[in-house]
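Q:
Residue numbers (this note's numbering): 1 to 404.
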């Protein structure tokens with residue numbers, strides 16, 4: 001299938017840069033010993049992200065081993081999740097750059113910069129002429145130092161850009177003396193840390209408070225790990241913000257400002273994306289005995305703005321895929337959330353498809369947005385019969401250039 005947008009891949013310069021930092025930290029160690037150190041910490045961090053949900057700033061953001069392990073193994077995952085999300089804002093949701101002057105980006109909970117730097121790289125790859133400024137806020141001074149070092153040492157990746165860092169308490173991210181307005185506010189894999197143990201109302205208030213920092217056309221992009229509870233919490237917060245706030249509207253992942261229906265139903269699925277991606281060689285080497293998933297990036301996403309979302313048909317003719325594509329019972333089928341905010345099963349008979357068409361359809365991914373012309377509702381009102389392959393188009397289907 002021809003993608004709607006070809007995404008810039010994770011730069012080899014950053015892969016090399018992170019590895020060189022580890023070599024410089026432990027010059028007396030050989031390659032295999034450094035890799036074994038990192039492997040052990042990968043297991044610890046995986047448990048922290050997925051099981052214990054423990055983010056002690058003193059043990060996590062201050063330890064060299066933690067930071068270097070994150071950079072060499074997890075940094076590309078966070079980078080890729082924000083790249084896909086930025087692609088959606090840029091190519092489908094109507095985010096627009098300022099007509100003149102710099103693009104101002106704020107990264108809250110930036111860590112060592114995976115989300116913010118991925119946006120700088122994306123904008124420059126797509127020839128955006130404006131200079132770009134990145135303000136990065138985090139509780140970890142060491143992480144912010146890494147961010148500044150990465151930016152300055154790899155300036156060829158993001159020309160005409162500037163980075164400013166600020167150490168701050170992320171539990172209260174409002175900066176009362178900030179007069180600047182931002183065109184993009186990023187909260188990349190950090191909302192769950194900022195909001196840990198907080199009530200929903202408190203989380204909503206924190207997000208609402210950031211609305212005053214957005215420019216009139218600004219977007220807030222939030223990405224989260226693809227844990228079910230974390231993703232459901234994210235959608236609950238986004239729904240509550242857009243319902244209760246007079247300042248923010250819900251733009252994504254669904255349509256017409258409508259909430260995620262999966263939180264309120266007994267669906268087998270929940271709102272997250274699964275994107276096939278390449279993996280840096282160093283990540284593959286670290287991962288050999290660990291056998292963690294490195295060829296997909298899985299994440300939840302929400303997008304908020306002070307401007308109204310672009311209107312879409314309030315029926316089944318536009319949808320976002322939320323399930324794997326299945327070949328069963330003589331059909332190709334998938335679950336999609338449509339422009340009316342409802343969950344449908346879309347299916348097309350395999351007997352009317354050419355093998356190449358079946359191959360194309362099975363490469364559709366969770367997170368792709370489709371237009372479906374001439375579909376028909378069957379006896380089951382939640383089942384849409386698609387009459388032909390040509391009835392389907394995919395206006396948002398970004399892909400990395402992955403050699404199979």
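Glycine included, each C-beta is placed from N, C-alpha and C at the ideal position.
Could you tell me the alpha carbon to alpha carbon distance between residue 124 and residue 382, rounded to whole angstroms?
A: In a straight line, the C-alpha of residue 124 is about 43 Å away from that of residue 382.
Q: Residues in the same chain with beta-carbon distance under 7 Å from residue 409, minus the five sequence neighbours each way, listed in chain order, please.
A: No answer is possible for residue 409: it lies beyond the span of the chain, which begins at 1 and ends at 404.
Q: On the CB-based measure, 16 or more other CB atoms within 10 Å of its CB, does residue 252 come out buried or exposed?
A: The residue is buried, with at least 16 neighbouring Cβ atoms inside 10 Å.
Q: With distances taken Cα to Cα, identify the nearest neighbour of residue 318 among 303, 212 and 374.
A: Of the listed residues, the one whose Cα sits closest to residue 318 is 374.
Q: Rounded to whole angstroms, what's the CA-CA distance from residue 62 to residue 141? Just pull it up for me.
A: Here the model assigns residue 62 a pLDDT of 49, short of 50, so the residue's position is not dependable, and the following value carries that caveat. Each residue's Cα considered, the two are about 8 Å apart.
Q: Looking at the secondary structure, which residues open and close the beta strand (DSSP E) in which residue 336 lies?
A: Its beta strand (DSSP E) spans residues 331-338.
Q: Take every Cβ of the region 285-301, pair it with every Cβ of the region 319-338, and state whether three or more of those distances are shorter than 8 Å.
A: The region 285-301 vs the region 319-338: no contact.
Q: List in chain order: all unbroken beta strand (DSSP E) runs of 3+ residues lying wholly within the region 20-49.
A: DSSP runs (the beta strand (DSSP E)) wholly in the region 20-49: none.
Q: Between residue 302 and residue 256, what straight-line distance do the alpha-carbon atoms span, to the nearest angstrom?
A: If I take the Cα positions, the gap works out to 13 Å.
Q: Taking the CB atoms as reference points, tell me whether residue 13 and residue 157 lie closer together than 8 Å.
A: Their beta carbons are under 8 Å apart, which means residue 13 touches residue 157 by this criterion.
Q: Spatial neighbours of residue 331 within its chain, please: CB distance less than 8 Å, with the 5 preceding and 5 following residues excluded, ordered by chain position.
A: Excluding sequence neighbours, residue 331 sits near 347, 348, 349 and 350.
Q: Note down, in chain order, each residue of its chain lying with its Cβ closer than 6 Å to the Cβ of residue 287, except the 5 sequence neighbours on either side.
A: Excluding sequence neighbours, residue 287 sits near 294.
Q: Just the C-alpha distance for residue 254 and residue 341, rounded to the nearest angstrom, thanks.
A: Spanning the two alpha carbons is a distance of roughly 7 Å.
Q: For residue 224, which residues in the same chain have their Cβ closer than 7 Å to its Cβ, ignoring the five residues on either side in sequence?
A: Here the set comprises 189, 191, 192, 230, 231, 234, 299 and 300.
Q: Below 8 Å, can you find three or more Cβ-Cβ pairs linking the region 85-97 to the region 29-38?
A: Too few Cβ pairs lie closer than 8 Å, so no.
Q: Tell me the residue span of the alpha helix (DSSP H) that contains residue 207.
A: 200-209 is the extent of the alpha helix (DSSP H) around residue 207.
Q: What is the C-beta distance between residue 136 and residue 165, in whole angstroms, given that I count them as a contact (C-beta under 8 Å)?
A: Confirmed, about 5 Å.
Q: For residue 15, I'd like the list of residues in its chain whose CB is within less than 6 Å of its CB, leaving aside the five on either flank, ordered along the chain.
A: 280 and 282.
Q: With 16 as the cutoff for other CB atoms within 10 Å, does residue 10 come out buried or exposed?
A: Answer is buried; the Cβ neighbour count reaches 16.
Q: Please check the pair residue 306 and residue 258, which I expect to be a contact at CB under 8 Å, by giving their CB distance rounded to whole angstroms.
A: That pair is no contact at about 18 Å.
Q: Tell me which same chain residues have a C-beta within less than 8 Å of the C-beta of residue 52, skipping the five on either side of it?
A: Summary for residue 52: the model assigns pLDDT 49, below 50, so the residue's position carries little reliability; its value from the coordinates is reported in the next sentence. Hits under 8 Å: none found.
Q: What three-state label does DSSP hand residue 108 in the structure shown?
A: If DSSP states are grouped into helix, strand and coil, residue 108 belongs with the strands.
Q: Residues in the same chain with beta-carbon distance under 7 Å from residue 67, minus the five sequence neighbours each way, listed in chain order, please.
A: Contacts found: 112, 142, 143 and 146.
Q: Residues in the same chain with beta-carbon distance under 7 Å from residue 58, minus the five sequence neighbours each way, listed in chain order, please.
A: Bear in mind that the predicted position of residue 58 carries a pLDDT of just 48, short of 50, making it too unreliable to give a figure here.
Q: Go to residue 123, then tell me how far its alpha helix (DSSP H) extends in each direction, as first and last residue.
A: Residue 123 -> alpha helix (DSSP H) spans 114-125.
Q: Does the Cβ-Cβ distance between residue 3 and residue 313 come in under 8 Å?
A: Contact: no.
Q: For the region 211-298, list the beta strand (DSSP E) runs that are entirely contained and at least 3 residues long, ordered along the chain.
A: If we require 3 residues or more, the beta strand (DSSP E) runs fully inside the region 211-298 come out as 214-225, 249-252 and 273-276.
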